[in-house]
Each structure stands twice: as C-alpha cells, then as structure tokens.
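2 protein chains.
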Amino acid sequence: MTEAGKKAVVLLSGGLDSATALAVAVRDGFEPCTMSFRYGQRHSHELAAAERVANAMGVKNSIVVTIDLRSIGGSALTDDIDVPKDRTTHSMSGVIPITYVPARNTIFLSYALGWAEVLGSHDIFIGVNAVDYSGYPDCRPEFIEAFERMANLATKEGVEGHSFTIHAPLINMTKAEIIRTGVSLGVDYSLTHSCYDPAPGGLACGRCDSCILRKRGFEDAGIPDPTEYAEPG
Amino acid sequence: MTEAGKKAVVLLSGGLDSATALAVAVRDGFEPCTMSFRYGQRHSHELAAAERVANAMGVKNSIVVTIDLRSIGGSALTDDIDVPKDRTTHSMSGVIPITYVPARNTIFLSYALGWAEVLGSHDIFIGVNAVDYSGYPDCRPEFIEAFERMANLATKEGVEGHSFTIHAPLINMTKAEIIRTGVSLGVDYSLTHSCYDPAPGGLACGRCDSCILRKRGFEDAGIPDPTEYAEPG
Numbered sequence: 000m001t002e003a004g005k006k007a008v009v010l011l012s013g014g015l016d017s018a019t020a021l022a023v024a025v026r027d028g029f030e031p032c033t034m035s036f037r038y039g040q041r042h043s044h045e046l047a048a049a050e051r052v053a054n055a056m057g058v059k060n061s062i063v064v065t066i067d068l069r070s071i072g073g074s075a076l077t078d079d080i081d082v083p084k085d086r087t088t089h090s091m092s093g094v095i096p097i098t099y100v101p102a103r104n105t106i107f108l109s110y111a112l113g114w115a116e117v118l119g120s121h122d123i124f125i126g127v128n129a130v131d132y133s134g135y136p137d138c139r140p141e142f143i144e145a146f147e148r149m150a151n152l153a154t155k156e157g158v159e160g161h162s163f164t165i166h167a168p169l170i171n172m173t174k175a176e177i178i179r180t181g182v183s184l185g186v187d188y189s190l191t192h193s194c195y196d197p198a199p200g201g202l203a204c205g206r207c208d209s210c211i212l213r214k215r216g217f218e219d220a221g222i223p224d225p226t227e228y229a230e231p232g
Numbered sequence: 000m001t002e003a004g005k006k007a008v009v010l011l012s013g014g015l016d017s018a019t020a021l022a023v024a025v026r027d028g029f030e031p032c033t034m035s036f037r038y039g040q041r042h043s044h045e046l047a048a049a050e051r052v053a054n055a056m057g058v059k060n061s062i063v064v065t066i067d068l069r070s071i072g073g074s075a076l077t078d079d080i081d082v083p084k085d086r087t088t089h090s091m092s093g094v095i096p097i098t099y100v101p102a103r104n105t106i107f108l109s110y111a112l113g114w115a116e117v118l119g120s121h122d123i124f125i126g127v128n129a130v131d132y133s134g135y136p137d138c139r140p141e142f143i144e145a146f147e148r149m150a151n152l153a154t155k156e157g158v159e160g161h162s163f164t165i166h167a168p169l170i171n172m173t174k175a176e177i178i179r180t181g182v183s184l185g186v187d188y189s190l191t192h193s194c195y196d197p198a199p200g201g202l203a204c205g206r207c208d209s210c211i212l213r214k215r216g217f218e219d220a221g222i223p224d225p226t227e228y229a230e231p232g
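Chains as they are written, first to last, in numbering that gives the first Met the number 0: chain A, 0 to 232; chain B, 0 to 232.
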C-alpha cells in the first residue's frame, strides 16, 4: 500500500475535504506537494487555513498559484453576488447553484497536472465529493475519470507511458465518513475553513451551503464540531 | 454552414496558426471572442501581435488573462533555458523538445471553457496542428477529443445537454495549407508573430523551431513570407 517517497500533488483549499484528502495521501505513503490557489475568492481566509493545514501535516513543498478567475466572471464566489444562506440540504440538491465557479476544478487540475509533470510525479489528489456536495458537475466520478484520460493524452509523461492517476479518495463518502476518516488519521479540523462567506475577522457564517454541510457532517459523525461560527445554528 | 451570431471563444496567441483559426471561426459565421494569455513567456511580443490580429479582424470582445506558469517551472519558454536553434524539421520530429510547457494547452483550454460557459458559448477554437508541429503531445487529435469529452462532463452547460465543441480546424493541415487557407481568408500574416526567442526590438530570430517551420511553410505554399527576420536563413 505504501509508495514511500513517491511525490503526489495535493490540491489544498484549506477546507475540510482537501485536508482529509491530504491525510489520505500521507497515509498511502506519498510525499505530498500541496498546491493552493489565490483566485479572487471572497473567502481568502481559506488560504491561511491551507497554510496551517500544510504546516500541521509537515508538508515540505507547497505553492500558491495566483490565477485570475475574475476576468472571466460568473460566480458568487468571485463576483459581487450574494451567497445563498439557510438552504436545507434538500434545496441544495439537483440544482447547480450560483456559487458554481465555471470550470474551476478543470483549471485547478490542469495546473496540478503541469506541476506534477515538472516534479516527476504521476499522482494528483483532489478532495472532491459527489455525495454531500453542492451539485457541482466537476465533483462527479465521471468528470474525474474523463480528466485522467485526457491528462494521459496531454502530457509528455503520459505519452511516454507513465500514467497519471487522479485520486479522489472522498468521492463516494458522506461528509460524516470524511470526518471520521480524517479524525482517524489525525486531522485537526479546527485548522480548516469551509465557509463561503465568512464574517469580518474570518469566523464561519454558519449559514451558507458549505457551513450547513459541515455542521451536519459533524452531527452525523457524532464528533464535536470544532468550528467557531458567527451565528451558531 | 453559417451560425450567425453564435459566440465562439478563440484562443489567440498572435502566432500564424491561431490567427488562421480565428479567420476560420469568422468564415464559419461565429462571433469570435478572443482570449490570450500573459504567462511569463519570454516572447511577450506575441501579445502585441494578438492585439493587432484581433483588431484587424474586427474582434469586439477580447481578454488577456494573466497566469503564472513560472511558479510551476519546467520550460525553455518560461525559464532561463536556451531555446534550441537551427534544428532541421527532421531533428524536431519524434522528440518532445525543451520548449514544451507542461500542460499548457490543457490550462489554456480550461480557461477558455470557463469563459465560454460565462458567455453562453458552446464553441472553442484552438489553432493546434499535428502535422508541421514541434512534437507537443497536447497538439494531437486524440488530446482534443479527450478534452472535449471531459469538458462536457465538467460543466453546468455540458450537464444540461448543451454540448461543447472544441474546434481544431488546422489540426490535419500542413503549414503550407494553413498559410494558403489564411491568405484566402484575408489574414495579414505580417501582423503575426511566431518566434520563440525574438531579438531585442522584437524581430523574429529566424532560427528557432517556430521560425524554421514558418519559413518552410511560406516556401512550400509558394507565398512570399512577410516576416522580417533578424537573421535571414
């Protein structure tokens, strides 16, 4: 199971899911190289969280790439559009919400692919989840498989027969299962940040889709939620 | 054949191929929206060329996205590595050269996909070419097909049944055929810029792979090369 010394690029947002994906990469014996993005997001507190998480897990190689998603527009996470609040998990399902960032995971994975190729790594970890998620198309298994196939046709490494694997270890887990997995691997979730629309000072709002899914996950896992919310629900 | 008023995102580097792809998009009745990138390339003269080409073709919506490929490193086009000179087209074949930028077309197409989704466009044009090319894996038809498949799984539009098409109209043309096509569509190639390593002032070097392929293309097409070279070959 262990693949000691093999580098993996881990996409790290500073949220609960990506922190867990990082812990899984470490468990599986990879040397994680974490990649985060500054993309004009309103919730830039997540970059500070990404740094805390990477430090806590002893990551030696981490980069933050600045990219400009504002120039293409089109999302409540980068534009001045209100983030929806107080939705039930039922009302989140089946509809792609305004917080969807066009092609975001495609862009993030493309950068990860470029960096993996430079590092000589053939493994990329992404903490997407298709169960307790917000309805984003680029979080589904069929997207991940299609990206992996494309990656192996896109790159020098792929062409030379060194296949890339896109690892999405959380994709079929519930939020509660993700949290239990992370806790068993020593993830300190108090370091992570999930809120789409934090209060001044950085406290989680407790009311956006991401906060609601997070709270529910801790409840379902039967594990105390270490998050401090601006408006406890 | 014409699809009047339908927007298409056209990746425009300012080189010969992308200028021709833009002309083909216009010929096919699309309203072109051009996207160029500032990515730490040494040959930033190409951005000025992209602007000239877009203006000459009456493009109304053009953006330049600044992206940071230097942070992932690994190419003579973004790092301080010498660009190979004076190679024959024979010596270019079969080997992926140092000028290969990891995952570049994947990253560019990912941004184009995001912008297309915001614009409500389902068509993306890219001037890649698999015949007279420098051996890059992400210029091949199988890569373009895999990207298109992935794009339709990645996006809200794709999921809702509005398929994206990645148009690569030059992919099976020789450089001479590309030039003849462009000339027939009124492309002014004196506005374009292909050189990987221009002389101070911006004159094409005449000796890098890109200059050599360009010169050869004009010769084979029997069309005078309007390019002014620093070192005429």
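For each residue, glycine too, the CB sits at the ideal point set by N, CA and C. No experiment lies behind these values; they were computed from the predicted model shown.
Around the beta carbon of asparagine 104 (chain A), a 10 Å sphere encloses 16 or more other beta carbons of the protein chains shown; the residue is thus reported as buried. The alpha-carbon separation between glutamate 227 (chain B) and glycine 113 (chain B) amounts to approximately 37 Å. With a beta-carbon spacing of about 6 Å, glycine 205 (chain A) and alanine 229 (chain A) fall inside the 8 Å limit used to define contacts. Burial is judged here by how many other beta carbons sit within 10 angstroms of a residue's own beta carbon; glycine 14 (chain A) has at least 16 and is buried. By the Cβ test, the region 195-205 of chain B is not in contact with the region 14-25 of chain B, since fewer than three Cβ pairs between them sit closer than 8 Å.
For histidine 121 (chain A), no beta strand (DSSP E) run applies, since DSSP gives it neither H nor E. Chain order gives no chain A residues near glutamate 50 (chain B), where near means a beta carbon separation below 7 Å; the closest approach is about 16 Å. Under DSSP, valine 64 (chain B) forms a beta bridge with B:Phe36. Here alanine 111 (chain B) is buried: its Cβ has 16 or more other Cβ atoms, across all protein chains shown, within 10 Å.
Taking the Cα positions, serine 12 (chain A) is about 42 Å away from methionine 172 (chain B). Judged by DSSP in its simplified three-state form, alanine 167 (chain A) adopts coil rather than helix or strand. In this structure, DSSP gives lysine 5 (chain B) a state outside helix and strand, which the three-state scheme calls coil. Counting C-beta pairs closer than 8 Å gives three or more between the region 142-154 of chain A and the region 145-152 of chain B, which meets the contact rule.
If you look at phenylalanine 217 (chain B), you'll find it in the alpha helix (DSSP H) that goes 208-220.
Leaving aside the five residues that flank aspartate 85 (chain B) on each side, the residues in its chain whose CB is nearer than 6 Å to its CB run, in chain order, Arg206.
Scanning its chain for C-beta atoms nearer than 6 Å, with the 5 sequence neighbours on each side dropped, one finds around glycine 216 (chain B) the residues Lys174, Ala175 and Ile178, in chain order. Listed as beta-bridge partners of glutamate 30 (chain B) by DSSP are B:Lys6. Residue environment: asparagine 128 (chain A) is assigned as buried (16 or more neighbouring CB atoms within 10 Å of its CB, all protein chains considered). In the DSSP annotation of this structure, threonine 191 (chain B) is not part of any alpha helix (DSSP H), being labelled neither H nor E. Against chain B, the CB of leucine 46 (chain A) has no partner CB under 8 Å away; the residue lies outside that interface. Under a criterion of Cβ atoms nearer than 7 Å, the residues of chain A adjacent to serine 109 (chain B) are, in order, Ala102, Thr105, Ile106 and Ser109.
Within the model, the alpha-carbon separation for glycine 39 (chain B) versus aspartate 187 (chain A) is close to 38 Å. Alanine 203 (chain B) is bridged by DSSP to B:Tyr228. Along the region 197-213 of chain A, none of the residues has a CB nearer than 8 Å to a CB of chain B. Distance from leucine 10 (chain B) to phenylalanine 107 (chain B) at the Cβ level is roughly 6 Å; contact confirmed, criterion being Cβ atoms closer than 8 Å.
By the beta-carbon neighbour count (other beta carbons within 10 angstroms, threshold 16), lysine 6 (chain B) is buried. For valine 64 (chain B), a Cβ of chain A is located within less than 8 Å of the residue's own Cβ.
For valine 117 (chain A), the closest Cβ of chain B is nearer than 8 Å.
By the criterion of a C-beta distance shorter than 7 Å, serine 17 (chain B) is surrounded in its chain by Leu10, Leu11 and Gly126, once the five residues flanking it on both sides are discounted. DSSP places lysine 59 (chain B) in the coil class of the three-state scheme, outside both helix and strand. Exposed is the label assigned to serine 162 (chain A), since fewer than 16 other Cβ atoms lie within 10 Å of its Cβ. Under the Cβ distance rule, leucine 10 (chain A) does not count among the residues neighbouring chain B, no pair being separated by less than 8 Å.
When Cβ-Cβ separations below 8 Å define contact, lysine 155 (chain A) makes contact with chain B. Its Cα nearest to that of aspartate 67 (chain B), the residue B:Pro101 stands out among B:Pro101, B:Leu190 and B:Phe29.
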